[in-house]
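Take the sequence shown: its position 84, counting from 1, is numbered 84 in full-length UniProt numbering, and each next residue is one higher.
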Amino acid sequence: MSRSSLRRELVIPITILVVGVSAAIGWVSMKASTDAVQTLTQRVLMDMVNRINSATEKHLDGALIALDAVAPAANRVPREHPFVTDMYALEDKFWSASGLFMDVNNYVYFGGKDGRFVGVYRISKNEVQLFWRTPEADHRDVYRVTSIGDRSNLIRKDEFDPRKRPWYQAAMNSETPVWSKIYNNFSFHYPTITLAKAVFQKNHEFAGVVATDVTLKELSNFLRKLEISKNSVAYIVDADGYIVATSGKELPERTMNGLPERMRAVDMKTALISETFSHISNTVLNQAENGTREMELSIGTVDVAISPLGNAQGLNWQTIVAVPRADFMSSINQGFMQSIVIAIACIIFALTIGLTIVERVIRDIRKLTAAANLFGNGEPMPKLDIRRSDEIGILAQTFTEMESKLRFDKLTQVANRESLFAQITHLQKEARRNPGSSVGFTLLFVDLDRFKMVNDTYGHDAGDKVLIITAARLRSVIRDTDEVARYGGDEFVLLLKETKNSIDIHQMVDKISALVEQPISLEHAVVDIGASIGWASFPEDGNDYMRLIKIADSRMYNRKRDRKSGQIIQIV
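Structure (structure tokens):
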């Protein structure tokens, strides 16, 4: 056999074997990476949809709570509760109700069957408008007011009869609160939806309609602040396929013949909105769908998450988040090119070295996939311990950074609200899996008093320092098994596991108050803040975490109110 023939017999089979093995390893690596990214993508999309739903339903619940504060439902009061139509008494009530959730439903009003109308609109903490129409008047007066009973600044008069408004007509014929179609507000021209319900006097005679508005532009503002990916879009549609809110720059309404007109999702110029909704419109409009899917659109493969929204509040909306697959796969594609270089090196340095490298790659990919599954289930992601500088290391670093962004507050480095909810959900699942165990926990809702004064007096940098120091103090006072989360603004929530009784909770509240209220040294001043704390325990106060948060928040506000009035309160 010639030397060249022997060379071919030895080199060609070995080369084919090594190249084939290297190619197979490259394919396995690519597929495993793609599967891991796809798993994480689905989890991230559903987490984002749930986050949007949670925030939106909080706004919608705020409208229900505002109306309930003015006209409680029959099942919420111990006896018959007739509605009082005295306009001055309603003005007093509306001042309180319109201040409950000022960010979205800060306008509460009443239209009587005799044409009377009274409404309080809190534009800001310092600007309030009063709308007033007596039964015998042929117009409505609008005042800029500073307190209840103030009529010193009449800013305009307009022709307005509440009995002719759609929300009045819909509510007077319904036994339950009803939502209006989305429209442009009569006075302020914002996209708005109204929640209205009929109210009755002592003799069960129809008295009129009490209502509150939910401003939808705040929903779009919220969606635009979300960080999903570079080219992603999140949007909400109603049952007729019209855009309720969107994270994109394109407005959800247009002007036709000088009048605002709402946009249908299929008519939007943003391809991620119009094309994704064209694919799913029949499913979304005809039945509630909850899950993820992938689509082939003109811009490539897109991952889409869909979830019903507002069913508990009486609405039939859908939340949709769409992300181009390329946003998540760019680092994987870059890594694949590096894998080819590694394959060539394997041919040069021998099959054994290549197999060793591949085993290491597979091991790390398994870690990433397992971590993605744990993260998606709301459980803490374990330390990956992947020390690489190639694409797998980049992916591992991306996982860690993504977990940090999704779980921790950027300023205070404590857990964020979504991480808190995930941990609570995990504890509730454990309780359901072990019904005989004594799994329980307590939420402490901490709101900082006088924090706004620090911001206004010394600036936001000083306010940020106060939040950072407060978060550190809260971490220092709890156990390693407990958690501190920043709920929003100057609000924190402490998750205390395995609390034994109310005495433990009482002692913890006192301990936290004493620590938080210690003076804080700033660059040019020393400030002190207060802490109003409310609490709720699982399962004694409820099984749903949103109900627990509301109970703790309510107790906190009661404590804050009593502290301001100089009362001494006790936790019971």
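All C-beta atoms, glycine included, are put in the ideal place defined by N, C-alpha and C. All values reported here derive from a predicted model rather than from experimental measurement.
Counted as a single uninterrupted DSSP element, the beta strand (DSSP E) harbouring Ala198 occupies residues Pro191 to Phe200. Taking C-beta atoms under 8 angstroms as the contact rule, Arg140 and Lys157 qualify, at a distance of about 7 angstroms. A residue is called buried when at least 16 other Cβ atoms come within 10 angstroms of its Cβ; Glu275 meets this threshold and is buried. Pairing Ala245 with Ser281 gives a Cβ-Cβ distance that is not under 7 angstroms. Across the structure, Arg224 and Gln42 are spaced so that their CA atoms are roughly 20 angstroms apart. A direct Cα-to-Cα measurement between Glu205 and Phe101 gives close to 31 angstroms. Taking a contact as a CB-CB distance under 8 angstroms, the pair Tyr107 and Asp267 does not count as one, their CB atoms being some 30 angstroms apart.
Under DSSP, Pro308 takes part in a beta bridge, and its partners are Gln318. Asn105 sits buried, since 16 or more C-beta atoms from the chains shown fall within 10 Å of its C-beta. Inclusion of Ala97 and Val210 in the CB contact set at 7 angstroms is not warranted, their separation being larger than that value. One Cα belongs to Leu315, the other to Arg559, and the distance between them is close to 34 angstroms.
In terms of Cβ geometry, Asp510 and Pro519 do not form a close pair [threshold 7 angstroms]. Per DSSP, the continuous beta strand (DSSP E) segment holding Phe445 begins and ends at Phe441 to Asp449. Boundaries of the beta strand (DSSP E) around Arg122: Phe117 to Arg122. For Thr39 and Gln397, the gap between their C-alpha atoms comes out near 17 angstroms.
If you look at Ser537, you'll find it in the beta strand (DSSP E) that goes Gly530 to Phe538. In the DSSP assignment, Leu494 is bridged to Leu444 and Val484. In this chain, the beta strand (DSSP E) harbouring Lys157 covers Leu154 to Asp158. Here Phe83 carries a coil assignment [DSSP, helix/strand/coil]. Membership of Asp213 in the beta strand (DSSP E) is indicated by the continuous run Phe206 to Thr215. Annotation for Arg450: Ile529 and Gly530 place their beta carbon closer than 7 angstroms to its own, counting only its chain and skipping 5 residues before and after. Looking from the CA of Ser247, the closest CA among Met256, Ile236, Gly459 and Ser307 belongs to Ile236. A Cβ-Cβ distance of about 15 angstroms is found for the pair Asp303 and Thr319, leaving them out of contact under the 8 angstroms criterion. At least 7 angstroms separates the beta-carbon of Lys465 from that of Thr481. Counting only the Cα atoms, Trp132 lies some 11 angstroms from Leu154. Tyr235 is bridged by DSSP to Thr246 and Ile320. Secondary structure at Pro166: helix, using DSSP grouped into helix, strand and coil. Arg473 and Leu522 have their C-alpha atoms some 16 angstroms from each other. Cβ neighbours of Ala207 within its own chain (closer than 7 angstroms, five residues either side excluded): Phe83, Thr85, Gly112, Lys113, Val199, Phe200 and Gln201.
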